[in-house]
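Presented below is the structure to which this report refers.
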Amino acid sequence: MHLRILDKYIFREVFLTFLFGIAAFTAVFVGSGTLFSIAKYITEYGASLQSVVKIFVLGLPGVIMWTFPMSMLLASLLTFGKLSSSSEITAMKSCGISFSRIAAPAIIMGFVVSIGAIAFNEYVVPWANTAYHNVLYYEIQGNSGMKSQEHIILKELDHDKIKRLVYARVYNAETQTLQSITLQEFNADSKVSHVENAEFAEWNGDEWIMHNGMIYDIAQQDGQSEHTMRFNKQVLPIKANPKQIVREQKELEEMTMKELREQIEIMKTQYVDTKTVEAELYQRVTVPLASLIFALVGVPLGLQPTRNSSSAGFAMSVIIIFFYYALMTLGNALARGGILPPMLAVWIPNIVGMAAGFVLIRRASR
20 MHLRILDKYI
30 FREVFLTFLF
40 GIAAFTAVFV
50 GSGTLFSIAK
60 YITEYGASLQ
70 SVVKIFVLGL
80 PGVIMWTFPM
90 SMLLASLLTF
100 GKLSSSSEIT
110 AMKSCGISFS
120 RIAAPAIIMG
130 FVVSIGAIAF
140 NEYVVPWANT
150 AYHNVLYYEI
160 QGNSGMKSQE
170 HIILKELDHD
180 KIKRLVYARV
190 YNAETQTLQS
200 ITLQEFNADS
210 KVSHVENAEF
220 AEWNGDEWIM
230 HNGMIYDIAQ
240 QDGQSEHTMR
250 FNKQVLPIKA
260 NPKQIVREQK
270 ELEEMTMKEL
280 REQIEIMKTQ
290 YVDTKTVEAE
300 LYQRVTVPLA
310 SLIFALVGVP
320 LGLQPTRNSS
330 SAGFAMSVII
340 IFFYYALMTL
350 GNALARGGIL
360 PPMLAVWIPN
370 IVGMAAGFVL
380 IRRASR
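When we follow my numbering, the leftmost residue of the sequence shown carries the number 20, and every step to the right adds one.
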């Protein structure tokens, strides 16, 4: 019974400080980034009040996502710093309660926040980012959708099964052409039955015309090409015009993890470098898990004698956050530069943070 009361007390203190941290860090991010962007949109494009409100609201999920780990760190540092400075930790230990047991509510909360952040990052943030970009491109900037893009992917589905897949390395908005095209058609068993490659395709106002390509009919038994034929010109069987093609494409931050995996698989079939997309995929897990890492680090650090004030807690939070995101930036560079496998490189800050957390908790337990 006493332990339950203690758990509730510690959990409440951590939770309230966590909410304060989200509000504080979100205000900092919004004040230093979002508001400047909104001011730019108003002065340069004459954005309406309605569009500005949409941009502000739709930009919040992406900002809040980054505040979860920071807030968890701040909550752990301030809560346990307060408990330590008021000798409550000493009183708990004198009753025979181990430090690990005292720290359990904060660490469990860090785990719950991490799981919730992964779900938030999968189901809310990509949708909000897509809506944000649509408001920016089409309502504020007034774009017609004619912008150059890389890695164009178009899928035609039949009852949730891919019927036709088109991949182009580049869409050139100035010439309205798709470069380095591969068209794949699938049978009822979701196996490739027909392939067309072309150097480029141009939009003639009504349809896409492919130039200088090859057609392959695939034998179903061994997957080898059964018939091949060269062509100078061939109609690309897609109905989407240039504007629709560009609108259908998503930036990496607009994709869910499922969509990122599909993007990686498609790009690999075209022998395209996927390191950047893989790094983005793995970060969808590593960044939310930082909440648990920061709880492991923040709880024992909060017990240090110098952590007995809010200002000291904020300062320590800033230092730890700086080192974590510096390691994250380094990991991204190593992943995208091909120096380390993307999964290993992206996990570097979490591995370092978890090791530091276990060492600190072990020392504090003694």
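Backbone N, C-alpha and C define an ideal beta-carbon position, used for all residues, glycine too. Every value quoted in this text rests on a predicted model; they were computed, and no experiment measured them.
From this set, 299, 294 and 261, which residue's C-alpha is nearest residue 277's C-alpha?
Reading the sequence shown from its first residue, position 258 is the one you call residue 277. It is 299.
Leaving aside the five residues before and after residue 143 along the sequence, list all residues of the same chain whose C-beta is less than 8 Å from its C-beta, in chain order.
Here residue 143 refers to the residue found at position 124 of the sequence shown. Taken in chain order, the residues that qualify are 80.
Are there 16 or more other CB atoms within 10 angstroms of the CB of residue 369, so buried, or fewer, so exposed?
Here residue 369 corresponds to residue number 350 of the sequence shown, with the count starting at 1. Label assigned to residue 369: buried.
Is residue 246 near the ligand HEM - that is, is its Cβ less than 7 Å away from at least one heavy atom of it?
With respect to the ligand HEM, the structure offers nothing, as it holds no ligand at all.
What would DSSP say about residue 343, mapped onto helix, strand or coil?
The sequence position of residue 343 within the sequence shown is 324, counting from 1. Helix, per DSSP.
Could you pull the DSSP bridge partners for residue 250 from this structure?
Start at 1 with the first residue of the sequence shown, and residue 250 comes out as number 231. For residue 250, which the question treats as bridged, DSSP gives the partners 232.
Smallest Cα separation from residue 90: which of 189, 312, 228 and 182?
Taking the first residue of the sequence shown as 1, we reach residue 90 at position 71. Selected option, being the one with the closest Cα: 312.
Just curious, the alpha helix (DSSP H) that residue 68 is in, first and last residue?
Stepping through the sequence shown from its first residue, residue 68 is reached at position 49. From DSSP, the alpha helix (DSSP H) with residue 68 extends over 68 to 104.
Is the CB-CB distance between residue 201 and residue 189 below 8 Å?
Here residue 201 is taken as the residue at index 182 of the sequence shown, counted from 1. Here residue 189 is taken as the residue at index 170 of the sequence shown, counted from 1. Result no, Cβ atoms of residue 201 and residue 189 do not sit closer than 8 Å.
Runs of alpha helix (DSSP H) wholly within the segment 274 to 315 (minimum 4 residues, chain order):
Runs found: 276 to 288.
Would you report the Cα separation of residue 30 and residue 130, rounded to the nearest angstrom?
As a first step, residue 30 must be located in the sequence shown, where it is residue number 11. As a first step, residue 130 must be located in the sequence shown, where it is residue number 111. Cα-Cα distance, rounded: 13 Å.
The segment 352 to 362 in contact with the segment 284 to 299 per 3-pair CB rule at 8 Å:
yes
Kindly indicate the opening and closing residues of the beta strand (DSSP E) around residue 199.
Here residue 199 corresponds to residue number 180 of the sequence shown, with the count starting at 1. Note, residue 199: beta strand (DSSP E), 196 to 205.
Less than 8 Å between the C-beta atoms of residue 18 and residue 308, yes or no?
Because the chain here runs from 20 to 385, residue 18 falls outside it and cannot be looked at.
With distances taken Cα to Cα, identify the nearest neighbour of residue 71 among 53, 46, 132 and 225.
By 1-based counting over the sequence shown, the position of residue 71 is 52. Cα-wise, what sits closest to residue 71 is 53.
Just to confirm, are residue 320 and residue 96 a CB contact at a threshold of 8 Å?
Against the sequence shown, residue 320 aligns to sequence position 301. Against the sequence shown, residue 96 aligns to sequence position 77. The Cβ atoms of residue 320 and residue 96 lie closer than 8 Å to each other.
Could you tell me whether the Cβ atoms of residue 251 and residue 231 are closer together than 8 Å?
Reading the sequence shown from its first residue, position 232 is the one you call residue 251. Reading the sequence shown from its first residue, position 212 is the one you call residue 231. Yes, the pair counts as a contact, with Cβ atoms nearer than the cut-off.
Nearest-angstrom Cα distance between residue 147 and residue 83?
Walking along the sequence shown from the start, residue 147 turns up at place 128. Walking along the sequence shown from the start, residue 83 turns up at place 64. Each residue's alpha carbon lies about 12 Å from the other.
Member of 306, 334 and 293 whose CA lies at the smallest distance from the CA of residue 356
For the purposes of this step, residue 356 is identified with residue 337 of the sequence shown, where counting begins at 1. The shortest Cα separation from residue 356 among 306, 334 and 293 belongs to 293.
Classify residue 248 as buried or exposed, calling it buried when 16 or more other Cβ atoms lie within 10 Å of its own Cβ.
Counting from 1 along the sequence shown, the entry for residue 248 is found at position 229. The residue in question, residue 248, is exposed, as its Cβ has fewer than 16 Cβ neighbours within 10 Å.
Can you give the Cα-Cα distance for residue 349 and residue 254, rounded to whole angstroms?
Stepping through the sequence shown from its first residue, residue 349 is reached at position 330. Stepping through the sequence shown from its first residue, residue 254 is reached at position 235. Their Cα atoms are separated by approximately 46 Å.
Residue 213 (DSSP reduced to helix, strand or coil):
Locating residue 213 in the sequence shown gives position 194, counting from the first residue. Reduced to three states, the DSSP call for residue 213 is strand.
Alpha carbon to alpha carbon, how far is residue 106 from residue 326? Give it in angstroms, no decimals.
Here residue 326 refers to the residue found at position 307 when the sequence shown is read from its first residue. Here residue 106 refers to the residue found at position 87 when the sequence shown is read from its first residue. The predicted model places residue 326 with a pLDDT of 45, which falls under 50 and marks its position as unreliable, so this point remains unresolved.
Taking contact to mean 3 or more Cβ pairs, one atom from each stretch, closer than 8 Å, check whether the segment 261 to 273 and the segment 171 to 190 are in contact.
yes
Can you give me the C-alpha to C-alpha distance between residue 98 and residue 279, rounded to a whole angstrom?
For the purposes of this step, residue 98 is taken as the residue at position 79 of the sequence shown. For the purposes of this step, residue 279 is taken as the residue at position 260 of the sequence shown. Near 38 Å, if we compare the C-alpha coordinates of residue 279 and residue 98.
Considering only their Cβ atoms, is the gap separating residue 318 from residue 125 smaller than 8 Å?
The sequence position of residue 125 within the sequence shown is 106, counting from 1. The sequence position of residue 318 within the sequence shown is 299, counting from 1. A contact, by the Cβ cut-off of 8 Å.
Please list the terminal residues of the continuous beta strand (DSSP E) segment that includes residue 187.
The residue given as residue 187 occupies position 168 in the sequence shown. Start and end: 180 to 191.
What does the alpha-carbon distance come out to for the pair residue 375 and residue 57?
Counting from one through the sequence shown, the residue named residue 375 turns up at place 356. Counting from one through the sequence shown, the residue named residue 57 turns up at place 38. C-alpha separation (whole angstroms): 40 Å.
Please report the distance separating the alpha-carbon of residue 260 from that of residue 227.
Within the sequence shown, numbered from 1, the residue matching residue 260 stands at position 241. Within the sequence shown, numbered from 1, the residue matching residue 227 stands at position 208. One alpha carbon belongs to residue 260, the other to residue 227, and they sit about 8 Å apart.
Cβ shell of residue 133 (< 7 Å), same chain only, five flanking positions each side left out
Within the sequence shown, numbered from 1, the residue matching residue 133 stands at position 114. Closer than 7 Å at the Cβ level, and outside the excluded window around residue 133, lie 307, 308, 310 and 311.
Tell me the residue span of the alpha helix (DSSP H) that contains residue 270.
For the purposes of this step, residue 270 is identified with residue 251 of the sequence shown, where counting begins at 1. Residue 270 -> no alpha helix (DSSP H), and no H or E assigned at all.
Give the range of the alpha helix (DSSP H) segment to which residue 226 is assigned.
Mapped onto the sequence shown, residue 226 falls at position 207. Careful: residue 226 lies outside any alpha helix (DSSP H) and carries neither H nor E.
Measure the alpha-carbon distance for residue 184 versus residue 92 and round it to whole angstroms.
Position 165 of the sequence shown, counting from 1, holds the residue named residue 184. Position 73 of the sequence shown, counting from 1, holds the residue named residue 92. One C-alpha to the other measures close to 45 Å.
For residue 216, which residues of its own chain have a beta-carbon under 6 Å away from its beta-carbon, when the five flanking residues on both sides are left out?
For the purposes of this step, residue 216 is taken as the residue at position 197 of the sequence shown. Apart from the 5 residues on each side of it in sequence, residue 216 sits with its Cβ closer than 6 Å to the Cβ of 201, 232 and 233 in its chain, given in chain order.
Could you have a look at residue 35 and say whether DSSP puts it in helix, strand or coil?
On the sequence shown, residue 35 is found 16 positions in, with the first residue counted as 1. In this structure, residue 35 counts as helix in the three-state DSSP scheme.
Residues bridged to residue 158 by DSSP?
One-based indexing of the sequence shown puts residue 158 at position 139. None, per the DSSP bridge assignment.
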